[in-house]
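For the sequence shown, this note's numbering gives the first residue as 111, with consecutive numbering after it.
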Amino acid sequence: MDLTNDKIIQMYKTMKRIREFETNASTLFAEGRIPGFVHLYIGEEAVATGICAGLNDDDYITSTHRGHGHIVAKGGDTKYMMAELYGKETGYCKGKGGSMHIADATKGILGANGIVGAGHNIAVGAGLSAKYRKSGQVCACFFGDGSTNQGTFHESLNLASVWKLPVVFVCENNLYGISMHQSRHQAIQDVADRAVSYNIPGVVVDGNDIFAVYEAAVEAIARARNGQGPTLIECKTYRQKGHFEGDPANYKPSEEVLEWMSKDPIPRAVAYILDNGILNKEELERIDQEIIKEIEDAIKFAEESPLPSLESIVEDIYTDIVEEVR
Ligand SMILES: Cc1ncc(C[n+]2csc(CCOP(=O)(O)OP(=O)(O)O)c2C)c(N)n1
Ligand SMILES: [Mg+2]
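Spelled out as structure tokens, the structure:
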């Protein structure tokens, strides 16, 4: 596996940044400082991090309602993200999108999305565009196990396969769609089995192992870039929190939660880094402190930013200019 120590440290920082951002978002939501809905990615950080670590800056991603991790991993700025969660004018969508609609076209982030299954078709569009323009770009499409029962999942894999589009489909199988266990919503255990219908590779990886995810990503991205078409990567992972903040998640058996907590991707990465002498404890502590400070600054930025003006409610609805997005 082509992984330098610098790259491993970058990946650790990304996972830690996602965790810190969301741990704070959880508290701020409970305190009533963040309006709307917040769906947390805690426990699933290795998926977005491992996949995005294989992408180039000008590659695309599509995201979900649980999008903070994808956006941070693709280079989203935590200041503008936090301001958006607060509904402030300085946020990514000028405070009008909230947690579920963060986008940054300059970084290839085609948007978080509250509609389950909507990212799949957007990814196919991005892949078609990249192929048509011969740009060499790839689109990674993140989605949950629940969304794989939507028609859009099947339509998108089918078209991407027939047209050999540069798309990597990444299923985050966290075992639940809201409160419904996977075994109650589909008769298969491995979503990757569905790749057979579209004659594309279907790969199952331990989604809490950053290195396994990265390795699968590199292979699928190379395949996509070389014109060989899409891959379906299924990352087995677990959402440690409820479906949304405020959900007590009492439908999850406590043994199951404990088992998955012991497979938390961040302590696993820490153990690897320390055992292999990539960093010592003090160096890791310094990195953690830098990230804690970055998120404190993001919260301060969000707190001190103004709310959008009432007049701005009718802005950014229609456009007669189609701006070129790379
Ligand atoms: C088209 C559509 N149907 C239903 C919903 C309500 N809904 C929001 S999240 C969710 C479950 C999604 O499960 P999954 O795809 O596994 O993602 P996870 O929340 O586990 O990350 C549902 C049904 C929705 N937002 N959009
Ligand atoms: Mg799920």
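Where a beta carbon is used, it is the ideal one built from N, C-alpha and C, also for glycine.
| Query | Result |
| --- | --- |
| Residues around ligand 1, please: the ones whose beta-carbon is closer than 7 Å to some heavy atom of it, in chain order. | 149, 174, 175, 176, 224, 225, 226, 227, 253, 254, 255, 256, 257, 260, 282, 284, 286, 287, 288, 349 and 353 |
| Shortest alpha-carbon distance to residue 211 belongs to which of 177, 379 and 118? | 177 |
| Since residue 254 is in the beta strand (DSSP E), which residue starts that stretch and which ends it? | 249-254 |
| Among the candidates 347, 380 and 274, whose CA atom is the shortest distance from the CA of residue 366? | 347 |
| Measuring CA to CA, which of 156, 114 and 143 is closest to residue 128? | 156 |
| In three-state terms, what does DSSP make of residue 282? | strand |
| In whole angstroms, give me the CA-to-CA distance for residue 125 and residue 119. | 10 Å |
| On a CA-only basis, which of 259, 277 and 325 is nearest residue 294? Give me that one, please. | 259 |
| Is residue 195 closer than 8 Å to residue 351 when the C-beta atoms are compared? | no |
| Starting from residue 162 and walking both ways along the alpha helix (DSSP H), at which residues does that stretch end? | 155-162 |
| Sorted by chain position, which residues of the same chain lie with C-beta nearer than 7 Å to residue 305's C-beta, five sequence neighbours on each side aside? | 311, 312 and 342 |
| Taking just the CA atoms, how far does residue 122 sit from residue 171? | 20 Å |
| Report the option in 224, 250 and 225 whose CA atom is closest to the CA atom of residue 235. | 250 |
| Counting pairs of Cβ atoms below 8 Å between the stretch 316-332 and the stretch 270-286, do you hit three or more? | yes |
| Assess, as a yes-or-no matter, whether the stretch 417-432 is touched by the stretch 191-210 under the definition of 3 or more beta carbon pairs within less than 8 Å. | yes |
| State the DSSP-derived secondary structure class of residue 114, mapped to helix, strand or coil. | coil |
| With distances taken between CB atoms, is the gap from residue 287 to residue 255 smaller than 8 Å? | yes |
| Following the continuous beta strand (DSSP E) through residue 179, name the residue where it begins and the one where it ends. | From DSSP, residue 179 is part of no beta strand (DSSP E) but of the alpha helix (DSSP H) over 178-183. |
| Kindly indicate which residue of 421, 297 and 163 has the alpha-carbon position closest to the one of residue 322. | 163 |
| Where in the stretch 313-355 do unbroken runs of the beta strand (DSSP E), each at least 3 residues long, occur, reported from the N-terminal end onward? | 341-346 |
| Among 246, 145 and 159, which residue has its Cα nearest to the Cα of residue 168? | 246 |
| Residue 382 lies in the alpha helix (DSSP H); which residues open and close that run? | 375-385 |
| Here's the rule: buried if 16 or more other CB atoms are within 10 angstroms of the residue's CB, otherwise exposed. What is residue 326? | buried |
| Tell me which same chain residues have a C-beta within less than 8 Å of the C-beta of residue 131, skipping the five on either side of it? | 178, 182, 188, 191, 192, 405 and 408 |
| Is residue 151 helix, strand or coil when you go by DSSP? | coil |
| What span of residues does the beta strand (DSSP E) with residue 170 cover, start to end? | 170-172 |
| Of all the options 142, 133, 370 and 315, which has the alpha carbon lying nearest to the alpha carbon of residue 161? | 315 |
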